[in-house]
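Student:
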Amino acid sequence: MWKSTSATQSSVGLVWHHITGMYQLSSSPTWVWIAVLCALVPILSRSGWLGRGGLRRLPRGPKPLPIIGNVHQVPAEYQERTFAQWAKQHGDLVYAKMFSKPFLIINSQKVARDLLDKRGNKYSSRPRMVMLSELLGWGPTAVVLPYDSENRRKQRRWIQSAFGDKAATRRFEGLQQREIYVLLSGLIQEPHGFAQHIKRCISALILESVYGHRVTSSDDEYVNLIDHAMELTTVLTPSGGTLVDFFPLLKHIPAWLPGMDWKRKAQAANAVVTAATLKPYHMVRNAVTAGSATPSLMTTLVEEAMKQGNLAEEETDIVGACSALYAAGTDTAKTALLTFFLTMVLHPDVYRKAQEEVDRVIGNDRLPTLADREALPYVECVLKEVYRWNTPVPLGIPHYLTEEDDYQGFDLPGDTTVIANLWAMSHSEEVYGDPAAFRPERFLDSKLSASDIADPANIIFGHGRRICPGRLFADTAVFLAISNIIATLDIKKARDGHGREITPEVSFFPGLVSHPREFACSITPRSAKVPSLVAETMVSVS
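Number 1580 in my numbering belongs to position 215 of the sequence shown; there are no gaps in the numbering.
Rendered as structure tokens:
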């Protein structure tokens, strides 16, 4: 039993407490200590474990401890904010070690462009993510496959053909409009369920475009199944990684042993992820066989594979490509829309200004379309500020430096995990001045609006050859949603039973995705004609 009888013992005890808290492992069973110590044996035998390795020109970073590196300095939650503080002390490119594994943390858009965009041949792979890929079951998807994998190349090619450019996404404009009008109808009829309506809308867009499945109920089985899989994934995959990612040996320890609750949860989640990825595939495959399939990406892929007689060989990649689109697209768009509602409740002056622009450009007899986007510059600024203010995936998905590199006089070792701190980039004081403030007007500034680096849409969807392939689809859907909401609805603070306004707390769930915590608001039609206008417009595109 550890006692605080010396500084060394106190430090070790604190570190162990941090590790077990961060990774939700119990520190009481003796076998846990044995497992971790066994995992450390090969590390201790490698050169350089005490410090920063053999290279002498590494980027600066926080001072590591022997064996554990900088793990004790990484909090269990909101790691992106700690990494941003490190940048203020050590520079925009920070070097750290998590146990024996080297990490590079990029905290500025300039460095991200220089490395991830311009040197994509070195920085486009993924580190081994044991929890996400191997235990939860997301391994065969384009999001996490290694860059040099032929399976990834194939999946990326399929996704690019369907969603990769503006011409491709325009094919889905009718679908997007219809589902946005369904969203408006739900917000009018049941405003208190706005979060559920948003989830249904975004899920419906992905399910129909990717799988050909039209969502007609807020209790759709595929929506519930896939969202459950995403929720479990977010909970079990903190942005800083899990202990099994650093010590893969732990995945082989039986789940029934004491202290292995995390593995039992991962196994249960794996069953949900497997069902969420395979059940839509079986639905489409059966529909294609019966000749009743609706046009979609998966329909096209299954039909082509059947014609070539290699569906069995292509099945895993077809499932992986389509699962990647759902996983990557839903959380970003859903988070952006929930953040929009939160910020409009907190900043009624911004909402009024956006409504004035929509009224001036659109009028009251029709609803906005994508053709109106360039004529709504302030609404565009609101969208950019929503993206910037609450970055949906604060640390993105890790990149991997596969070979040695050099940058600004620093030696960058190969086999290094690279974290792009998207939150720090979108909260740069140098670029945005007052990043904590929600102020869409900042993007009306000629200098900022002309800067490609300052556009949050060029940050939040990732970088380089790993940039989100469905970003254009997601971005157009979110713009269409917020412009139509602005045109038709008033969003205000809710009131309690005594008539007092309720000011929502600005709070976000920690982890892989930064969802706003639950909050209340008042949503009402702007005029008596709004419900009929929405209903009539919805009929015209159905």
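Think of the CB as a built atom: it goes at the ideal place given N, C-alpha and C, for glycine as much as any other residue.
I need the straight-line Cα distance from GLU1596 to LEU1766, nearest angstrom please.
Tutor: The count along the sequence shown starts at 1 and reaches residue 1596 at position 231. The count along the sequence shown starts at 1 and reaches residue 1766 at position 401. Going by the C-alpha atoms only, they are around 29 Å apart.
Student: Where LEU1614 and LEU1501 are concerned, what is the direct C-alpha to C-alpha distance, given to the nearest angstrom?
Tutor: Sequence index remark: in the sequence shown, residue 1614 carries index 249 (1-based). Sequence index remark: in the sequence shown, residue 1501 carries index 136 (1-based). If I take the Cα positions, the gap works out to 16 Å.
Student: Across which residues does DSSP place THR1782 in a beta bridge pair?
Tutor: Within the sequence shown, the letter at position 417 stands for residue 1782. Beta-bridge pairing links THR1782 to PHE1468, TYR1765.
Student: Would VAL1588 pass as a contact of LEU1570 if the rule is Cβ separation under 9 Å?
Tutor: Against the sequence shown, residue 1588 aligns to sequence position 223. Against the sequence shown, residue 1570 aligns to sequence position 205. In this structure, LEU1570 does not lie closer than 9 Å to VAL1588 by Cβ.
Student: Considering Cα atoms alone, identify which of GLU1442, ARG1831, ALA1846 is closest to SER1490.
Tutor: Stepping through the sequence shown from its first residue, residue 1490 is reached at position 125. The shortest C-alpha separation from SER1490 is found at ARG1831.
Student: Where does ASP1626 sit, in a helix, a strand or coil, going by DSSP?
Tutor: Taking the first residue of the sequence shown as position 1, residue 1626 is located at position 261. DSSP places ASP1626 in helix when its eight states are reduced to three.
Student: Going by DSSP in three states, SER1688 sits in which element: helix, strand or coil?
Tutor: What you label residue 1688 is simply residue 323 of the sequence shown in a count that begins at 1. Looking at SER1688 - three-state DSSP - the assignment turns out to be helix.
Student: Which whole-angstrom value describes the C-beta separation of LEU1469 and THR1781, a residue pair presumed to lie in contact below a C-beta threshold of 8 Å?
Tutor: Translated into positions along the sequence shown, residue 1469 becomes position 104. Translated into positions along the sequence shown, residue 1781 becomes position 416. At roughly 6 Å, the Cβ-Cβ gap stays under 8 Å, so LEU1469 and THR1781 are in contact.
Student: Please tell me whether VAL1878 and LEU1748 are closer than 9 Å, where the distance is taken between their beta carbons.
Tutor: If you number the sequence shown from 1, residue 1878 lands on position 513. If you number the sequence shown from 1, residue 1748 lands on position 383. Contact: no.
Student: Identify the residues that DSSP records as bridge partners of THR1889: which are they?
Tutor: The count along the sequence shown starts at 1 and reaches residue 1889 at position 524. Its beta-bridge partners are ASP1855.
Student: Mind checking whether LEU1813 and VAL1796 have CB atoms under 9 Å apart?
Tutor: Numbered from 1 along the sequence shown, position 448 holds the residue referred to as residue 1813. Numbered from 1 along the sequence shown, position 431 holds the residue referred to as residue 1796. Their beta carbons are under 9 Å apart, which means LEU1813 touches VAL1796 by this criterion.
Student: Are THR1734 and THR1534 closer than 9 Å when you measure CB to CB?
Tutor: Here residue 1734 refers to the residue found at position 369 of the sequence shown. Here residue 1534 refers to the residue found at position 169 of the sequence shown. Against a cut-off of 9 Å, the Cβ pair of THR1534 and THR1734 comes out as no contact.
Student: Can you round the beta-carbon distance between PHE1611 and MET1463 to whole angstroms, since I take them to be within the 8 Å contact cut?
Tutor: To locate residue 1611, count along the sequence shown from 1; it is residue 246. To locate residue 1463, count along the sequence shown from 1; it is residue 98. Right, their Cβ atoms sit about 6 Å apart.
Student: Bridge partners of SER1908, per DSSP?
Tutor: The structure shown has nothing for residue 1908, since the chain only spans 1366 to 1907.
Student: Who are the near neighbours of GLY1529 in its chain, counting only those whose CB is closer than 7 Å to its CB and skipping five residues on each side?
Tutor: To locate residue 1529, count along the sequence shown from 1; it is residue 164. Cβ neighbours of GLY1529 beyond the five flanking positions: PRO1834.
Student: Looking only at its own chain, which residues have a Cβ that is under 7 Å from the Cβ of ARG1565, when we skip the five neighbours before and after it?
Tutor: The sequence position of residue 1565 within the sequence shown is 200, counting from 1. Cβ neighbours of ARG1565 beyond the five flanking positions: VAL1580, SER1583, VAL1588.
Student: By Cβ distance, which residues of its chain are closer than 7 Å to PRO1821, with the 5 residues on each side in sequence left out?
Tutor: In the sequence shown, residue 1821 corresponds to position 456, counting from 1. Contacts found: LYS1749, TYR1752, ARG1753, SER1791.
Student: Do ALA1839 and LEU1662 have their C-beta atoms within less than 9 Å of each other?
Tutor: Locating residue 1839 in the sequence shown gives position 474, counting from the first residue. Locating residue 1662 in the sequence shown gives position 297, counting from the first residue. Not closer than 9 Å, so no.
Student: So, for LEU1402: in the same chain, excluding its five sequence neighbours on each side, which residues have a beta-carbon less than 6 Å away from its beta-carbon?
Tutor: By 1-based counting over the sequence shown, the position of residue 1402 is 37. At LEU1402, the pLDDT of 47 sits below 50, so the modelled position is not reliable; the number obtained from the coordinates is stated separately. If we look at LEU1402 and ignore the five residues flanking it on each side, it has no Cβ neighbours.
Student: Going by DSSP, which residues form a beta bridge with ASP1696?
Tutor: As a position in the sequence shown, residue 1696 is number 331, starting the count at 1. Looking at the DSSP assignment, ASP1696 forms no beta bridge with any residue, so it has no partner.
Student: In whole angstroms, give me the CA-to-CA distance for SER1872 and PRO1881.
Tutor: Your numbering for residue 1872 matches position 507 in the sequence shown. Your numbering for residue 1881 matches position 516 in the sequence shown. In a straight line, the C-alpha of SER1872 is about 6 Å away from that of PRO1881.
Student: Tell me which residue opens and which closes the alpha helix (DSSP H) that LYS1453 is part of.
Tutor: Here the question's residue 1453 lines up with position 88 in the sequence shown. It spans 1444 to 1455 - the alpha helix (DSSP H) in which LYS1453 sits, taken as one unbroken run.
Student: Would DSSP call VAL1588 helix, strand or coil?
Tutor: For the purposes of this step, residue 1588 is identified with residue 223 of the sequence shown, where counting begins at 1. VAL1588: helix per DSSP, three-state reduction.
Student: Do you know how far the Cα of ALA1859 is from the Cα of SER1897?
Tutor: For the purposes of this step, residue 1897 is identified with residue 532 of the sequence shown, where counting begins at 1. For the purposes of this step, residue 1859 is identified with residue 494 of the sequence shown, where counting begins at 1. Cα to Cα, SER1897 sits roughly 25 Å from ALA1859.
Student: So who's on the other strand from ASP1682, going by DSSP bridges?
Tutor: Against the sequence shown, residue 1682 aligns to sequence position 317. Note: ASP1682 sits in no beta bridge, so no partner.
Student: Which same chain residues end up closer than 6 Å to PHE1775 when comparing Cβ atoms and leaving out the 5 residues on each side of it in sequence?
Tutor: Along the sequence shown, read from residue 1 onward, the residue named residue 1775 stands at position 410. Contacts found: ARG1422, PRO1424.
Student: Using a 10 Å radius around the Cβ and a threshold of 16 neighbouring Cβ atoms, would you call GLN1542 buried or exposed?
Tutor: For the purposes of this step, residue 1542 is taken as residue 177 along the sequence shown, with counting starting at 1. Label assigned to GLN1542: buried.
Student: For the stretch 1638 to 1656 against the stretch 1682 to 1689, do three or more pairs of beta-carbon atoms, one drawn from each stretch, fall closer than 8 Å, so that the two count as touching?
Tutor: Yes, they touch.
Student: Going by DSSP, which residues form a beta bridge with VAL1459?
Tutor: What you label residue 1459 is simply residue 94 of the sequence shown in a count that begins at 1. BP columns for VAL1459 point to ILE1470.
Student: Quick check on DSSP: helix, strand or coil for ILE1867?
Tutor: Counted from its first residue, the sequence shown places residue 1867 at position 502. Residue state, collapsed to three classes: strand.
Student: Does the distance from the C-beta atom of VAL1476 to that of TYR1772 stay below 9 Å?
Tutor: Along the sequence shown, read from residue 1 onward, the residue named residue 1476 stands at position 111. Along the sequence shown, read from residue 1 onward, the residue named residue 1772 stands at position 407. For VAL1476 and TYR1772, yes; Cβs fall inside 9 Å.
Student: Can you check which of these residues, GLU1806, GLU1794, ALA1802, is closest to ASN1472 by C-alpha distance?
Tutor: Mapped onto the sequence shown, residue 1472 falls at position 107. Nearest option by C-alpha distance: GLU1794.
Student: Leaving out five residues on either side along the sequence, give the residues of the same chain with a beta carbon under 7 Å from the beta carbon of THR1868.
Tutor: Taking the first residue of the sequence shown as position 1, residue 1868 is located at position 503. Once the five neighbours on either side are set aside, the close Cβ partners of THR1868 are LYS1858.
Student: GLN1520 and ALA1677 look like a contact to me (Cβ under 8 Å); what is the Cβ gap, rounded to whole Å?
Tutor: Numbered from 1 along the sequence shown, position 155 holds the residue referred to as residue 1520. Numbered from 1 along the sequence shown, position 312 holds the residue referred to as residue 1677. Wrong, their Cβ atoms sit about 17 Å apart, outside the cutoff.
Student: List the endpoints of the continuous beta strand (DSSP E) containing LEU1777.
Tutor: Stepping through the sequence shown from its first residue, residue 1777 is reached at position 412. Taken as a continuous stretch (DSSP letters only), the beta strand (DSSP E) holding LEU1777 covers 1775 to 1777.
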